[in-house]
Amino acid sequence: MHALTLLAALLVLASAPTAAQQQDFSKVQMKAKQIAPGVAVLFGAGGNIGLFYGEDGNVLIDDQFAPLNERIVAAVRTLDPGPVRFVVNTHWHGDHTGGNENFGKLGAVIMAHDNVRTRMSTDQFLRALNQTFPASPKGALPVVTFAEGVTLHLNGDTIHVIHVPNAHTDGDSLVHWRKGDVLHMGDTFFHRMSFPFIDLSSNGSIDGLIAAVNRALGLAGPNTRIIPGHGPMASRADLIAYRDMLVDVRTKVAAGIAAGRSLTQIQAAKPAARYGMPSGFVKPDNFVQAVYESLRNPPRSAGHSHGGTSHSH
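As structure tokens, this is what we get:
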């Protein structure tokens with residue numbers, strides 16, 4: 063099986079509604095777990111969902127797949143009976159935005175970085191998967207977008223949505239609950255189940271990914287609960303280990319490039335093998351290739367660990 067087959071399937075399902083309807087989601091169980099006062103994580107299929115709930119209304123961080131909408135709503139209601147007022151997308155990929163149109167119809171305001179709306183508005187070709195993903199319908203697009211970030215003041219807490227440039231994609235955001243001491247990483251963090259997918263076609267980069275994780279570590283304290291885009295809940299120590307892995311592999315690949323070695327020669331040296339995860343949907347060799355290509359052809363704004371890209375409209 064190709065290393066990215068599972069990811070391709072996830073993206074295809076949410077990017078093409080007809081495919082999602084044909085896929086059997088009947089066995090997917092949506093499990094809600096409270097992790098702080100007014101904050102929960104929902105595990106189902108696709109990217110992990112953050113839930114911020116309370117008397118001022120409910121906020122979802124990502125929304126998985128359209129066919130799971132009713133199960134997501136039911137899981138939210140086990141914690142709070144109110145409607146979902148806002149959905150924040152951490153990036154554009156379909157396994158994080160597939161429920162947008164349904165939640166929009168239910169009255170939720172969809173929010174994301176400028177580049178998320180831009181990419182969802184047009185067909186997207188992902189070279190790593192050799193596939194084109196069609197533009198999303200108008201009702202699925204974020205209606206509130208930002209360049210640097212946005213702050214929500216609800217339910218007795220303050221949550222900061224912070225753009226981190228050119229990491230997993232060019233539209234990634236971290237979401238930080240100040241009082242609740244929770245951090246949602248989106249797909250800048252794959253925890254214990256796969257090497258990360260750096261979407262080079264969406265201007266992702268290894269340097270931007272490392273910068274994003276360092277930004278997150280600057281926000282995370284010793285007791286911060288960290289929600290990865292994929293995988294189980296994590297601690298600050300887990301995130302440090304992940305950052306150190308990224309830096310180590312990057313260093314080894316960069317040294318190989320500096321020595322004039324080809325990608326095949328660098329892969330043969332197995333710079334990521336010590337970190338295991340051979341059965342993850344991004345294999346060690348695929349990750350090394352993404353690091354190699356990212357270093358050979360970095361996006362212009364990669365590696366800035368502060369601020370975000372600004373856009374004029």
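For the sequence shown, the residue numbers in this note's numbering are 63 to 375.
Even glycine gets a Cβ: it sits at the ideal position worked out from N, Cα and C.
Remember, predicted model here, so these are calculated numbers, not experimental data.
Run through DSSP, which three-state label would D33 get?
Because the chain here runs from 63 to 375, residue 33 falls outside it and cannot be looked at.
Could you say which of L203, K241 and H292 lies nearest to T220 if we only look at CA atoms?
K241
So, with DSSP's three-state summary, where would you put L157?
First, the amino acid is wrong: residue 157 is Asp here, not Leu. DSSP places D157 in helix when its eight states are reduced to three.
Output the distance between the C-alpha atoms of E207 and P361, rounded to the nearest integer angstrom.
As written in the sequence, residue 207 is Thr, which differs from the Glu given in the question. Roughly 22 Å between the two C-alpha positions.
Can you give the Cα-Cα distance for D176 and I319, rounded to whole angstroms?
34 Å
Are the CB atoms of V311 and V344 within a distance shorter than 8 Å?
no
Between G201 and G156, what straight-line distance do the alpha-carbon atoms span, to the nearest angstrom?
14 Å
Per-residue DSSP class, three states only, for V90
coil
So who's on the other strand from H253, going by DSSP bridges?
Per DSSP, none; premise fails for H253.
Rounded C-alpha distance that separates I328 from L271
21 Å
Taking only the alpha-carbon atoms, compute the straight-line gap between S367 and V226 and give it to the nearest angstrom.
Model confidence at S367 stands at a pLDDT of 37, short of 50, so the residue's coordinates are unreliable; what they give is reported in the following sentence. One C-alpha to the other measures close to 7 Å.
Give me the Cα-Cα distance between M92 and A317, rounded to the nearest whole angstrom.
44 Å
With a threshold of 8 Å, are at least 3 pairs of Cβ atoms found where one atom belongs to the region 232-250 and the other to the region 94-114?
yes
Out of N359, A352, P204 and R358, which has the shortest C-alpha to C-alpha gap to L191?
A352
Which word fits I289, buried or exposed, when buried means at least 16 other C-beta atoms lie within 10 angstroms of its C-beta?
buried
Identify the continuous beta strand (DSSP E) that holds T207 and give its terminal residues.
V206 to F208
My output table needs one value for L203: the three-state DSSP class, helix, strand or coil.
coil
Touch check for the region 131-139 and the region 182-191: three-plus C-beta pairs under 8 Å?
no
From which residue to which residue does the beta strand (DSSP E) around T213 run?
G211 to L216
Count the other CB atoms, across all protein chains shown, that sit within 10 Å of the CB of S48; report buried if there are 16 or more and exposed otherwise.
The structure shown does not extend to residue 48, since the chain is modelled only from 63 through 375, so no value can be given for it.
Just mark P196 as buried or exposed, buried being the case when its beta carbon has 16 or more other beta carbons within 10 Å.
exposed
Kindly indicate which three-state DSSP category R287 falls into: helix, strand or coil?
strand
Is any beta-carbon of chain C found at less than 8 Å from that of A317?
No chain C is present in this structure, which holds just one protein chain.
A274 and D234 - do their beta-carbons sit closer together than 8 Å?
yes
Alpha carbon to alpha carbon, what distance is there between A331 and V223?
39 Å
Strictly by DSSP, which residues pair up with N120?
V146
Roughly how many angstroms lie between the CA atoms of Q83 and S183, to the nearest whole one?
Because Q83 sits at a pLDDT of 45, beneath the cut-off of 50, its placement in the model cannot be relied upon, and the point is left open.
I134 lies in the alpha helix (DSSP H); which residues open and close that run?
N131 to R139
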